[in-house]
Amino acid sequence: MAEADADTSHVAIDIVDVDAGRSNSCPVCMEAPEWVAAGPCGHREVCLGCAVRLRFFENDRRCCICRQLCPAVVVTRVVDGGGGGDQQQTVRKASRWAGAYDWYHGGMGAYFDDEEQYEAVRKACFLKPLSPPVEAASEVEQTRAPEQQVSWFVFDIVCAGMFGASAGIPIAVICLKHMYQKVILFLELGLFWSTVAFWLKTSNDESA
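Counting in this note's numbering, the sequence shown runs from -13 upward without gaps.
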């Protein structure tokens, strides 16, 4: 509480202990958590759902409170009153986590002391990503439209060239007198058809 000092013009502010005013809600979603992710820094207020979203889907391994990098956390049940001293001491001993817990999720970088919560997180991390909004999808289609128009234009030109070549090949073979001229003609036709086949295959791969 801020009070004016009678002797000076300064304002005296009482500093309250942080642990005494510890909140029982998650600092991210503001909901009362049942399971929390405790890091080596000692903070253990972030609920399991927010920890999964931040650590797995957003790949953010920092503490939401002190921003310290936490390569691994422990998912444990909330202790009444915001957590006891024994829990905090256990959390700080990060080197012993591998042998103290039976379940570990590598994608989240978290140890679990409850198999049910581990299985729930494992299934949640395999969910497919949400589909983009309708507006975003329409913008993507608009950006692809010019490319598709160019592809169809090139395809029409190739079809016209193929039709003209197929109609002119018999006449060209009859008019050519020397054998080497006919060989050159067939080599050129083979190169042309190979180019068309390669272009069609490339277009199909890009569209897929």
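Yeah, the Cβ is synthetic: ideal placement off N, Cα and C, and Gly gets one too.
Looking at the ligand GTP, does it come within less than 7 Å of residue 39, judged from the CB to the closest heavy atom? Within the structure as shown, the ligand GTP is missing, as the structure has no ligands at all.
C-alpha distance - residue 36 paired with residue 15, whole-angstrom precision: 7 Å
Does the stretch 50 to 66 come within contact of the stretch 19 to 35, defined as at least 3 CB pairs closer than 8 Å? yes
One or two residues paired with residue 55 in a DSSP bridge: 48
What residues in its chain sit with their C-beta under 6 Å from that of residue 272, if we drop five residues either side in the sequence? Nothing about residue 272 can be read from this structure; the chain reaches only from -13 to 194.
Give me whichever residues DSSP pairs with residue 111 in a beta bridge. None, per the DSSP bridge assignment.
Quickly, what does DSSP pair residue 63 with across the bridge? List them, please. 21
Where residue 101 falls, given that 16 or more other Cβ within 10 Å makes a residue buried: exposed
6 Å Cβ shell around residue 25 - same chain, five flanking residues per side excluded: 49, 56, 59
Measure from the alpha carbon of residue 33 to the alpha carbon of each residue in 87, 103, 183, 45, then state which is nearest. 103
Selected residue, minimal CA-CA separation from residue 93, among 174, 40, 54, 52: 40
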